[in-house]
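Accompanying notes for the structure given below.
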Amino acid sequence: MPRPFTPKVVTANRLLEGDAVWRTVTGDWSPRLSDAELIEDARTAELRLLEAAAEAHLVVGAYLADATKAETGPKPTHFREAFRTRGPSNHAHGKQADIQEKT
Amino acid sequence: MYHYNDFDEAFVRNRVAQFRAQVERRIDGSLTEDEFKPLRLMNGLYLQLHAYMLRVAIPYGTLNSAQMRQLAYIAERWDKGYGHFTTRQNIQFNWPRLRDVPDMLDALADVGMHAIQTSGNTIRNVTADHFAGAAADEIADPRPVAELLRQWSTDHPQFQFLPRKFKIAVSGSRHDRAVTRAHDIGLEIVEKDGEIGYRVIVGGGLGRTPMIGKVLRDFLPQADLLPYTEAVVSVWNLLGRRDNKYKSRIKITVHEHGIEEISRLVEEEFQQIRPGFAGFDRGLLSHIEHFFAAPAFTEKSAAPYDEAYQTDPVFRSWADTNLTEHRHPNHAIVTVSLKKHGATPGDASADQMRVLADLAEHYGHDELRISHEQNVILPHVHKGDLPAIHGALKASDLATANIGLVSDIIACPGMDYCALATARSIPIAQQIATRFDELKLEHDIGALKIKISGCINACGHHHVGHIGILGLDRAGLENYQVTLGGDGTETAAIGERAGPGFSADEIIPAIERLVLGYLDLREGRDETFLEAYRRLGPAPFKALLYPEAKANAA
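From first to last, the protein sequence lines stand for chains P and X. Here the working numbering is used: the first residue of the first sequence is 1, the next is one more, and so on. Here the working numbering is used: the first residue of the second sequence is 1001, the next is one more, and so on.
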């Protein structure tokens, strides 16, 4: 039996800057996971990933990451994805220094 | 040290120009990412969790002051003001932007450096003993051999699409500081009947299937070095498995075919290609050797050292821990710790790099070394200059007296940076070092190597740590497995897994129990952790890690 679908977001790294970005409902790439489109079914997920793959001039290595619904938008479910929204823990560099996440 | 000739200079510049054009073609869409990726990897450019990462080779760990200053400049101009020294004598810049990378490579070429073959399925940066040319126990300086291998392997047409990466390390001393037994090829300079030759060790490696290398030739004459090495890589290039990347390294080839069969094939290939090496390689080696002549050691009084040693306890503690015997009696090898308690192992700020460059220029014959243990070395320092050097290091947060102690931890970047990582390693290293600093027991505990990797690929060399820590993802949580009794020296051993892993909260107390428990188990201050482990076996150490299991069994 196929595993039940869990909600996903499309994420990648930007080609020029290399930082993590998430795909929004309007098809833009945002540096905030909370801006991402939360995808609730497998067919849409597959389609969104194909759309992302067509944007190789903007992003690299698009993939589907598990996320969960929260009031402020999608939240990560795995620590790796949580780290990607913040940056490293040993220096205040990356997203935690560059952008303000919605609280 | 080696200086680029016109050929080297033109080759490296040409490579930068090619890469600049490749970056432009990727950005304008003429190259797909699938086409571009192998090209960027060949030039040391990775895409990590938060940014690109540029890995720059520091061949055999040797730098001069101008090169160190240039690394500082690159860190400030195109990165975030620091660099990370790795466990294979490279430096990594964690925040470059794609468009800037060709300029960074040009800046490296300005000082005779590059990032070629720091990634991809090629022969990687050739590493060597970081005390090369200075150690009292040295038979011969391993760096000329390492430089010869660098030149031979760079862009070698036969070895650009190997089954997997290939790592070579060279040691010239009886004491192995280059982890030669955990490399695809480890070369040990040995002496037999007054003649210099090489012990060739193959098939070592850590990662998913850790193996200690096996001796392929006990004494290889100097003249045969290059054809023999080429024969080894050629045999593996044909036999090595390209169908399964977990079975592609030469350690698996040696394991699957047996050392006798590999030896037979290598000798066969060697006999065939040897006539092609008509002596140019030997001429080149003796040419290279001139670049590594010992500096003119200074003759002057060592009195300032003796005085500081008698009167300044902070200096004495540092001198006892961070100095190593030099081949010249009035000199010392200084290891500068990049492991201040609570800091990131291997990170140096641009300011610190410049201080180290200045010290090398003023006191150290313009030489610096980077160790695989992520520290910086001033290899040739007159003892009379040590108090001044210590003073300058103190002012720059570089005077931590902990070399070889519990807080001198190797740690890979882990999931703070690396896209392959399964857990973080840096915070674990920071917390262990901070905790043992609080306990003020570090010097009492004595020699102890803790090594931490954030995934099974083992960049943090955890298998050869006296205490190894491996970070894994267990059901969506960071989890840390402990291995015991590993050793990366001439008495190399793979550590044994102690038992179930620990959560991120449990691992620091577990290591504390283990190390404090060792203090009760040892026969005296002279028995190191590793010696006690070898005498007693794993059981009492496991009991320290898992007290509840012991209670349940009782």
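Glycine included, C-beta positions come from ideal geometry on N, C-alpha and C.
Minimum Cβ-Cβ distance from residue i to chain X less than 8 Å
i              : result
S30 (chain P)  : no
E40 (chain P)  : no
A52 (chain P)  : no
V9 (chain P)   : no
L105 (chain P) : Because chain P in this structure spans residues 1 to 103, residue 105 (chain P) falls outside the shown range and cannot be described.
P4 (chain P)   : no
D98 (chain P)  : no
A56 (chain P)  : yes
L15 (chain P)  : yes
A36 (chain P)  : no
A20 (chain P)  : yes
R23 (chain P)  : no
G112 (chain P) : Chain P is shown from 1 up to 103; residue 112 (chain P) falls before or after that span and cannot be answered.
R48 (chain P)  : no
R84 (chain P)  : yes
Reduced DSSP secondary structure (H/G/I, E/B, other) of residue i
i               : result
N13 (chain P)   : strand
P1097 (chain X) : Per the sequence shown, the amino acid found at residue 1097 (chain X) is Arg instead of Pro. R1097 (chain X) falls in the coil class under three-state DSSP.
N1322 (chain X) : helix
A1399 (chain X) : coil
A1303 (chain X) : helix
H1255 (chain X) : helix
Q1481 (chain X) : strand
V1023 (chain X) : helix
S1503 (chain X) : strand
R1124 (chain X) : coil
E1188 (chain X) : strand
M1053 (chain X) : strand
A1350 (chain X) : helix
L1206 (chain X) : coil
L1472 (chain X) : strand
D1444 (chain X) : helix
N1244 (chain X) : coil
Q1310 (chain X) : helix
A1392 (chain X) : helix
I30 (chain P)   : Strictly speaking, residue 30 (chain P) in this sequence is Ser, with Ile absent from that position. S30 (chain P): strand per DSSP, three-state reduction.
D1218 (chain X) : strand
L1356 (chain X) : helix
Residue i - containing beta strand (DSSP E), residue span
i               : result
I1452 (chain X) : I1450 to S1453
D66 (chain P)   : V59 to T68
V1145 (chain X) : No beta strand (DSSP E) holds V1145 (chain X); the alpha helix (DSSP H) holding it covers R1143 to S1153.
L38 (chain P)   : Run containing L38 (chain P): none; DSSP gives neither H nor E here.
V1232 (chain X) : Careful: V1232 (chain X) lies outside any beta strand (DSSP E), inside the alpha helix (DSSP H) at L1225 to L1239.
P1540 (chain X) : Where P1540 (chain X) is concerned, there is no enclosing beta strand (DSSP E), although the alpha helix (DSSP H) it sits in stretches over A1539 to L1545.
F1085 (chain X) : Y1082 to F1085
Within-8 Å CB hit, residue i to chain P
i               : result
H1050 (chain X) : yes
R1097 (chain X) : yes
R1435 (chain X) : no
K1192 (chain X) : no
K1340 (chain X) : no
L1047 (chain X) : yes
T1118 (chain X) : no
T1086 (chain X) : no
T1344 (chain X) : yes
K1080 (chain X) : yes
Boundaries of the alpha helix (DSSP H) in which residue i is found, first to last residue
i               : result
S1286 (chain X) : F1280 to F1291
R23 (chain P)   : Segment A20 to R23 is the beta strand (DSSP E) holding R23 (chain P); no alpha helix (DSSP H) there.
I1074 (chain X) : S1065 to W1078
P1427 (chain X) : I1426 to L1439
L1039 (chain X) : E1033 to M1042
Y1533 (chain X) : F1529 to L1536
K95 (chain P)   : K95 to D98
A82 (chain P)   : F79 to R86
Practice prompt. Give the residues from the region 1322-1338 of chain X that approach chain P closer than 8 Å (Cβ to any Cβ), ordered along the chain.
Written response: none
Worksheet item: Residues in the region 70-81 of chain P with C-beta within 9 Å of chain X's C-beta atoms, listed in sequence order?
Response: T77, H78, F79 and R80
Practice prompt. Decide if the region 1116-1128 of chain X is in contact with the region 1057-1075 of chain X; the criterion is three or more beta carbon pairs, one per stretch, under 8 Å apart.
Written response: yes
Item to complete: Would you be able to state if there are at least three C-beta pairs under 8 Å between the region 1347-1358 of chain X and the region 1079-1090 of chain X?
Response: yes
Worksheet item: Touch check for the region 1152-1159 of chain X and the region 1184-1194 of chain X: three-plus C-beta pairs under 8 Å?
Response: no
Practice prompt. Please name the residues in the region 1013-1040 of chain X whose beta-carbon is closer than 8 Å to at least one beta-carbon of chain P, in chain order.
Written response: R1026, I1027, G1029, T1032 and E1033
Item to complete: Can you give me, in chain order, the residues of the region 1467-1496 of chain X that have a beta carbon less than 7 Å from any beta carbon in chain P?
Response: G1476 and E1478
Worksheet item: Touching or not, the region 1473-1483 of chain X and the region 1396-1405 of chain X, by the rule of three or more beta carbon pairs under 8 Å?
Response: no
Discussion item. Along the region 1423-1453 of chain X, where does the CB come closer than 9 Å to a CB of chain P? Name the residues.
Written reply: A1423, R1424, I1426, P1427 and Q1430
Fill in: Residues in the region 1395-1426 of chain X having any Cβ partner in chain P nearer than 7 Å
M1415, D1416, Y1417, R1424 and I1426
Worksheet item: Looking at C-beta atoms only, is the number of pairs between the region 1402-1422 of chain X and the region 1449-1456 of chain X that lie closer than 8 Å three or more?
Response: yes
Practice prompt. Mind the definition here: the region 1324-1343 of chain X touches the region 1295-1313 of chain X only if three or more C-beta pairs lie below 8 Å; say whether that holds.
Written response: yes
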